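From first to last, the protein sequence lines stand for chains Y and P. So in my numbering, spot 39 of the first sequence is number 69, and the numbers just go up one at a time. So in my numbering, spot 48 of the second sequence is number 78, and the numbers just go up one at a time.
Protein chains: 2
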Amino acid sequence: MASQTEENYLKALFNLANPAGEVNISELANQMNVSMPTVNSMVKTLQKNGWVIYQKYKPVQLTPEGQKTAALVIRQHRLTEMFLVNKMGFGWEEVHAIAEQVEHIHAPKFFERMDELLGFPTIDPHGSPIPDKMGRIKETHYVCLDTCEAGQTVVLAALTNSSTEFLEFLNSRNLSLGTQITIHSKETYDQSMVVSYLQNERETLSEKVCEKLLVRIIGE
Amino acid sequence: MASQTEENYLKALFNLANPAGEVNISELANQMNVSMPTVNSMVKTLQKNGWVIYQKYKPVQLTPEGQKTAALVIRQHRLTEMFLVNKMGFGWEEVHAIAEQVEHIHAPKFFERMDELLGFPTIDPHGSPIPDKMGRIKETHYVCLDTCEAGQTVVLAALTNSSTEFLEFLNSRNLSLGTQITIHSKETYDQSMVVSYLQNERETLSEKVCEKLLVRIIGE
DNA sequence: CAATTTTGTTAGATTAATCTAACTTTATAC
DNA sequence: GTATAAAGTTAGATTAATCTAACAAAATTG
């Protein structure tokens with residue numbers, strides 16, 4: 031059984047993997063906020079446990095078992111976030127830090143009860159997909175708002191970043207998942223967009239914000 | 031901040047303390063399932079952190095800060111048990127193992143929300159008192175069923191032991207907190223009691239069971 | 001393509017939590 | 001009140017997770 035530390039490395043590997051499933055030691059060190067030698071020795075441990083494939087000076091890759099273990103921790107994290115928001119009244123900006131701890135609890139029934147009470151949700155409060163009990167993830171195909179064009183109508187579906195600061199920014203602008211947004215114009219100079227939604231008739235969203243918003247296009 | 035391991039030692043000290051607040055190294059070793067040298071070194075660590083008073087060859091004692099820290103972990107444990115039973119549909123025999131993990135989460139708001147959602151309970155599903163936010167415990171004064179006499183009517187209020195096996199035994203006999211019990215006779219030979227409650231007209235409870243049941247006397 | 005920079009590895013130390021073996025102090029018991 | 005038993009301590013080792021310093025390989029770049 032993976033230790034909490036090992037689970038955190040597996041999660042990081044899962045999230046950092048490029049299309050080929052590879053992660054560099056330095057990327058992992060950076061993500062985990064530890065030194066490269068620490069990652070080097072941890073990767074050897076993960077390999078001994080059958081969770082990664084690794085050869086000196088090569089990038090690391092999760093094995094299928096490593097992927098499944100990682101996905102199940104991510105499942106517990108996202109179910110927890112959903113439970114905190116939908117059943118305990120927390121704001122979407124408050125739940126990450128708590129879920130980082132709860133995700134490591136070893137008690138399958140605990141998370142199965144959450145899942146049931148929530149009605150088997152498929153996405154978390156930030157729009158990220160919740161892996162199923164087998165660790166499979168249903169891929170979603172949203173587009174990034176910054177690739178959309180003036181005239182289109184879209185619905186906010188997910189975020190590529192869920193930092194507290196960004197979530198508080200979205201709260202301050204009354205933006206939440208499901209909000210229907212109409213794109214009025216796109217500034218070629220700085221890629222900012224003028225949009226409207228709900229009561230907001232004319233809101234400007236910077237490129238920095240637009241590139242973090244994933245949407246479904248529903249019109250034009 | 032206490033590590034999970036330290037929190038577990040503080041809890042054990044809190045629970046093992048005799049009326050003078052003292053705990054022997056061997057008792058603690060036994061409770062924690064570790065060797066005496068391990069306890070010896072851990073007790074020195076706890077002392078460095080100001081949680082215990084300790085002198086070579088003397089029993090250990092929690093300081094007021096140690097007591098408060100322990101009580102707050104116990105608070106989190108008991109609130110969690112109550113939440114699992116009352117809000118998530120678990121049986122009282124299922125919650126201990128999960129609460130042992132959840133109690134170590136460092137997120138005051140998480141437990142405050144549980145407390146609110148539960149309506150600020152003062153006892154857990156096994157009748158044990160829930161310490162308040164300051165770590166204070168409201169002392170309850172129940173009597174042990176084995177000290178009761180034939181003819182008395184009592185209400186089951188708490189348990190002195192909450193092992194899964196004992197809880198499953200109580201389930202099998204339809205006994206739960208709040209059940210009103212009438213004592214018909216007490217066998218002087220083996221201290222067993224013949225009692226009635228609910229639909230059960232004639233149930234025999236062994237001494238081993240009676241000594242684990244705490245009751246409020248309500249009649250005769 | 002040689003020089004430099006970046007990335008990765010090895011070696012060795014540290015801290016927390018644990019162990020066993022050996023020794024010491026305190027308690028128990030004739 | 002000494003002998004034995006029980007309880008407690010010390011010393012030294014182990015494992016997991018981390019670090020820094022020094023070195024090696026790979027990538028970048030003039």
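Cβ atoms here follow ideal geometry from the backbone N, Cα and C, with glycine treated the same way. Computed from a predicted structure; not experimentally measured.
Can you name, in chain order, every residue of its own chain whose Cβ lies under 7 Å from the Cβ of residue i, other than the five neighbours on each side?
i: Y:Ser158; result: Arg108 and Ala188
i: Y:Gln91; result: Gly51, Glu52, Val82 and Ile83
i: Y:Glu57; result: Leu46
i: Y:Asn54; result: Pro89
i: Y:Ser65; result: Ala59
i: P:Thr177; result: none
i: P:Tyr87; result: none
Assuming residue i and residue j make a contact with CB atoms under 8 Å, what is their CB distance in whole Å?
i: P:Ala129; j: P:Thr110; result: 4 Å
i: P:Phe44; j: P:Gln85; result: Not quite, the Cβ-Cβ distance comes to about 20 Å (not below 8 Å), so this is no contact.
i: P:Thr190; j: P:Lys117; result: Wrong, their Cβ atoms sit about 26 Å apart, outside the cutoff.
i: Y:Ile247; j: Y:Val173; result: 6 Å
i: P:Ile135; j: Y:Val132; result: 6 Å
Going straight from the alpha carbon of residue i to that of residue j, what length do you get?
i: Y:Leu148; j: P:Ser71; result: 45 Å
i: Y:Met144; j: P:Gly119; result: 10 Å
i: P:Gly208; j: P:Leu175; result: 14 Å
i: Y:Leu235; j: P:Gly121; result: 50 Å
i: Y:Glu237; j: Y:Ser222; result: 5 Å
i: P:Glu95; j: P:Met31; result: 12 Å
i: Y:Leu197; j: P:Val73; result: 44 Å
i: Y:Thr68; j: Y:Ala59; result: 8 Å
i: P:Glu195; j: Y:Val103; result: 30 Å
i: Y:Pro151; j: Y:Lys168; result: 12 Å
i: Y:Gly165; j: Y:Glu142; result: 14 Å
i: Y:Thr75; j: Y:Phe140; result: 29 Å
i: P:Glu123; j: P:Ile153; result: 16 Å
i: Y:Val224; j: Y:Asn63; result: 37 Å
i: Y:Thr170; j: Y:Thr35; result: 29 Å
Nearest by alpha-carbon distance to residue i: which of the options is it?
i: P:Lys163; options: P:Pro49, P:Gln106, P:Val53 and P:Cys240; result: P:Gln106
i: Y:His126; options: Y:Ala100, Y:Leu102, Y:Ser192 and Y:Lys78; result: Y:Ser192
i: Y:Asn204; options: Y:Gln77, Y:Leu76 and Y:Leu228; result: Y:Leu228
i: Y:Leu40; options: Y:Val64, Y:Ala101 and Y:Tyr87; result: Y:Ala101
i: P:Thr183; options: P:Glu195, P:Thr218, P:Leu244 and P:Val69; result: P:Leu244
i: Y:Val185; options: Y:Gln61, Y:Glu250 and Y:Val132; result: Y:Glu250
i: Y:Ile160; options: Y:Val64, Y:Phe113 and Y:Glu123; result: Y:Phe113
i: Y:Ser33; options: Y:Met66, Y:Thr99, Y:Cys178 and Y:Ser206; result: Y:Thr99
Only counting the same chain, and skipping five residues up and downstream in sequence, which positions put a Cβ closer than 6 Å to that of residue i?
i: P:Ala180; result: Ile213, Ser215 and Lys216
i: Y:Ser202; result: none
i: Y:Glu146; result: none
i: P:Gln77; result: Tyr84
i: Y:Thr218; result: none
i: Y:Ser206; result: none
CB-CB under 8 Å to residue i, same chain, minus the five flanking residues each way: which ones, in chain order?
i: Y:Ser226; result: Ile211, Thr212, His214, Arg232 and Glu233
i: P:Phe199; result: Val239
i: Y:Gly80; result: Thr93, Glu95 and Gly96
i: Y:Asn230; result: Arg203 and Asn204
i: Y:Gln61; result: Ala42, Asn45 and Leu46
Exposed or buried, what is residue i when buried is set at 16 or more other beta-carbons lying within 10 Å of its beta-carbon?
i: Y:Asp220; result: exposed
i: P:Pro155; result: buried
i: P:Pro49; result: exposed
i: P:Asn37; result: One point to set straight first is that residue 37 of chain P is Glu, not Asn, in the sequence displayed. That one is buried.
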